[in-house]
Amino acid sequence: MTASLEQLRRCHFAVDLGAARTRVYVKGAGLVVDQPSVAAINTKTGALIAVGEFAEKMTGRTPDYIRVVRPVTGGTVVDIEMAQRMLRHLLGDKVRRTLRRKPRLRAAACTPHDADPLAQRAAVETLVGLGARRVELVDTLIAAAVGCGLPVEKPEATMILVCGAAATQVAVLSLGSIVTAERIPVGGEAVDRAIVQHLRHEHELMLPSQSVRPLQLALSGNGLTSQGPASTEIHGRDVATGLARSVQVDTAAVRDAIQTPLTAVLDGIGKVLRCCPPDLVADLADRGIMMVGGSALLPGFDQMLRQATGMPVNIAERPDVCAVQGLGYMLEGKIEPLILDPLTA
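Note that the sequence shown ends on residue 345 in the numbering used here; no numbers are left out.
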């Protein structure tokens with residue numbers, strides 16, 4: 001954890017800038033923003049047209065002079081000015097006026113594990129542009145573990161798997177710190193791309209836009225398990241003719257198509273366990289893995305991990321908001337630090 005709990009208790013709001021969604025927690029008010037990290041801009045005038053869910057619905061459906069952008073990629077801010085404008089509109093005038101009344105506005109933000117100094121600086125600059133006088137950074141793995149109720153501060157092992165849109169992070173935590181961790185550049189978007197490529201190669205079908213969740217369509221009622229319907233109907237555009245067409249897709253073939261990106265996640269879990277001390281691995285055999293993040297809801301993903309690792313695998317109650325919820329707990333002072341006083345002779 002970059003910031004101490006005492007520093008976080010002085011913060012007034014917390015932001016989780018994710019590749020898929022942006023979430024803002026205001027101290028005393030709770031979660032006030034949970035919207036897609038998308039903005040639509042008029043390229044002729046530079047005006048911001050829409051943000052959040054409405055901007056996401058515009059993806060692939062706009063004229064030439066309207067561009068839909070994502071200022072956050074892989075949990076890292078790639079366009080600071082656009083991220084600031086997006087956050088201002090998502091917060092709204094009422095919340096921004098409330099925050100501006102604070103004498104020395106402090107903010108907290110999640111950063112991916114092993115984020116480089118440039119990525120950390122981009123997150124800080126984004127919140128400074130909103131009026132924050134000081135910004136505290138917290139590792140996403142720590143925040144998510146606190147948010148889903150894991151005993152992070154205790155001298156026992158807890159393993160967390162943060163399944164994001166652009167990357168998957170896995171770590172073993174003990175005594176409030178990361179013992180060993182790995183960041184795998186495979187997330188929900190990689191799984192979606194695998195399905196899109198499968199439909200294009202096998203059925204010569206293109207999905208209508210990136211806003212459509214191909215994962216939910218192709219795996220509805222089936223998931224990564226063999227139970228459920230043997231096929232599902234997909235609507236899209238024919239690659240050759242450009243006309244609308246519907247095809248029956250074999251769900252078993254779809255499962256095979258997404259095994260490659262998911263295998264990379266299994267390799268990352270194995271690498272973390274190999275680098276972990278044996279005593280902590282023994283703890284994990286009983287407690288297992290906690291899955292958080294939006295992609296943790298992929299049907300059958302937890303069962304696949306359970307079979308591959310032989311460990312218990314659980315999904316958090318609200319996996320998509322665990323990181324910002326953890327930041328909120330720290331802001332509200334609900335987490336008690338473990339104090340290790342030096343022994344005196």
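Cβ coordinates follow ideal geometry from the N, Cα and C atoms, glycine included.
Spatial neighbours of residue i within its chain, please: C-beta separation below 8 Å, excluding the five flanking residues on both sides.
{"i": "Val-32", "result": "Val-24, Tyr-25, Val-26, Leu-91 and Val-95"}
{"i": "Ile-351", "result": "The requested residue 351 does not occur in the structure, where the chain is confined to residues 1 to 345."}
{"i": "Val-239", "result": "Arg-200, Glu-204, Leu-205 and Met-206"}
{"i": "Glu-233", "result": "Ser-246, Val-247, Gln-248 and Val-249"}
{"i": "Ser-295", "result": "Cys-163, Gly-164, Ala-165, Thr-168, Gly-187, Gly-188, Val-191 and Phe-301"}
Short of 6 Å in beta carbon distance, which residues of its chain neighbour residue i, apart from the five on each side in sequence? Order them along the chain.
{"i": "Ala-50", "result": "Ala-40"}
{"i": "Gly-74", "result": "Ala-19, Ala-166 and Ala-167"}
{"i": "Val-324", "result": "Asp-16, Arg-23 and Tyr-25"}
{"i": "Ala-345", "result": "Unreliable placement is indicated for Ala-345, whose pLDDT of 46 sits below 50; the coordinate value is still reported in the next sentence. None."}
{"i": "Leu-159", "result": "Before going further, note that residue 159 is Met rather than Leu in the sequence given. Hits under 6 Å: Val-172, Leu-284 and Ile-289."}
{"i": "Asp-34", "result": "Arg-23"}
{"i": "Ser-4", "result": "none"}
With 16 as the cutoff for other CB atoms within 10 Å, does residue i come out buried or exposed?
{"i": "Phe-301", "result": "buried"}
{"i": "Pro-277", "result": "exposed"}
{"i": "Gly-60", "result": "exposed"}
{"i": "Leu-175", "result": "exposed"}
{"i": "Arg-133", "result": "exposed"}
{"i": "Pro-36", "result": "buried"}
{"i": "Leu-243", "result": "exposed"}
{"i": "Pro-71", "result": "buried"}
{"i": "Gly-188", "result": "buried"}
{"i": "His-235", "result": "exposed"}
{"i": "Pro-117", "result": "exposed"}
{"i": "Gly-28", "result": "exposed"}
Measuring CA to CA, which of the options is closest to residue i?
{"i": "Pro-63", "options": "Ala-47, Thr-43, Glu-53 and Phe-54", "result": "Thr-43"}
{"i": "His-203", "options": "Gly-326, Ser-246, Val-162 and Arg-183", "result": "Ser-246"}
{"i": "Ala-230", "options": "Asp-250, Gly-242, Thr-241 and Gly-236", "result": "Asp-250"}
{"i": "Asp-16", "options": "Thr-126, Leu-243, Leu-305 and Ala-308", "result": "Thr-126"}
{"i": "Ala-109", "options": "Ile-315, Val-281, Ala-119 and Asp-286", "result": "Ala-119"}
{"i": "Gln-259", "options": "Leu-327, Leu-298 and Leu-105", "result": "Leu-298"}
{"i": "Cys-148", "options": "Gly-326, Gly-333, Glu-332 and Ile-335", "result": "Gly-326"}
{"i": "Leu-273", "options": "His-12, Gln-303, Ile-80 and Leu-161", "result": "Leu-161"}
{"i": "Arg-104", "options": "Val-128, Thr-111 and His-89", "result": "Val-128"}
{"i": "Pro-185", "options": "Gly-333, Gly-46, Thr-263 and Phe-13", "result": "Thr-263"}
{"i": "Thr-180", "options": "Leu-305, Leu-280, Asp-286 and Pro-71", "result": "Leu-280"}
{"i": "Glu-169", "options": "Leu-150, Ala-144 and Pro-151", "result": "For clarity, residue 169 is Gln in the given sequence; the question names Glu instead. Here the closest residue by C-alpha is Ala-144."}
{"i": "Gly-164", "options": "Gly-28, Thr-111, Leu-130 and Leu-150", "result": "Thr-111"}
{"i": "Ala-253", "options": "His-12, Arg-237, Ala-194 and Gly-46", "result": "Ala-194"}
Are the CB atoms of residue j and residue i within a distance shorter than 9 Å?
{"i": "Asp-283", "j": "Glu-156", "result": "yes"}
{"i": "Glu-136", "j": "Gly-268", "result": "no"}
{"i": "Met-311", "j": "Gly-293", "result": "no"}
{"i": "Asn-314", "j": "Met-330", "result": "no"}
{"i": "Thr-76", "j": "Ala-115", "result": "yes"}
{"i": "Val-196", "j": "Pro-261", "result": "no"}
{"i": "Ala-386", "j": "Val-78", "result": "What is shown of the chain runs 1 to 345, which leaves residue 386 out entirely."}
{"i": "Leu-266", "j": "Ala-316", "result": "no"}
{"i": "Gly-328", "j": "Ala-14", "result": "yes"}
Please return the same chain residues whose Cβ sits closer than 7 Å to the Cβ of residue i, not counting the five positions on each side in sequence.
{"i": "Lys-271", "result": "Glu-182"}
{"i": "Val-68", "result": "Val-38, Ala-40, Ala-55, Met-58, Thr-59 and Thr-62"}
{"i": "Ser-211", "result": "Any reading at Ser-211 must be qualified, since the residue scores a pLDDT of 39, below 50, and its modelled position is unreliable; the value itself is stated next. Closer than 7 Å at the Cβ level, and outside the excluded window around Ser-211, lie Glu-56, Lys-57, Thr-59 and Gly-60."}
{"i": "Cys-275", "result": "Thr-180"}
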